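Heads up, the sequence shown is in our numbering, so the first residue is 95 and it goes up one at a time.
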Amino acid sequence: MRKENVFLVTGRLSEGTASGREPRGELIQRIVCAANEPALHEFLDRSFPGFLVIGMVNLAALEETARQIKVALAGSAGALQVFVDPSMSH
95 MRKENVFLVT
105 GRLSEGTASG
115 REPRGELIQR
125 IVCAANEPAL
135 HEFLDRSFPG
145 FLVIGMVNLA
155 ALEETARQIK
165 VALAGSAGAL
175 QVFVDPSMSH
């Protein structure tokens, strides 16, 4: 399986409200293998009715993000900026 075809999808189940369908409840993560993003959405719609996608990332992009985080935490110049909650300094 190619990393570009493995997706980590985050979403919530939806409920009908007066203003339309709205996400409710806890976040749910699913790992889905699909040919591309349109195919992923088609599969999710068919397989998980009422599941509203909040975010998704393929495995290749997720691994790149993890690499960037490690570089940033090492304090490398030009890396992503790291923000630290002051309460962690205790």
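Glycine included, C-beta positions come from ideal geometry on N, C-alpha and C. Just so you know, these numbers come straight off a predicted model, no measurement behind them.
Run through DSSP, which three-state label would residue i get?
i      : result
Arg161 : helix
Met182 : helix
Phe137 : helix
To which residues of the same chain is residue i closer than 8 Å at the C-beta, ignoring the five residues directly before and after it?
i      : result
Val103 : Gln123, Arg124, Ile125, Val126, Leu134, Leu138, Val147, Gly149 and Met150
Arg118 : Arg106, Leu107, Ser108 and Glu109
Glu157 : Lys97
Select from the options the residue whose C-alpha is nearest the C-alpha of residue i.
i      : options                           : result
Arg115 : Ala168, Asn99, Leu167 and Gly144  : Gly144
Asn130 : Ala154, Phe142 and Leu121         : Ala154
Val100 : Val178, Ala128, Leu121 and Ser141 : Ala128
Is the CB-CB distance between residue i and residue j below 7 Å?
i      : j      : result
Glu109 : Asn152 : no
Ala173 : Ala166 : yes
Determine which residues share a DSSP beta bridge with residue i and list them.
i      : result
Glu109 : Glu116
Ala124 : Note on identity: in this sequence residue 124 is Arg, with Ala being the wrong assignment. DSSP output for Arg124 lists Val103 as bridge partner(s).
Phe145 : Leu107
Among residues of its own chain, excluding the 5 on either side of residue i, which ones have a beta-carbon nearer than 6 Å to its beta-carbon?
i      : result
Ser181 : none
Val176 : Ala166
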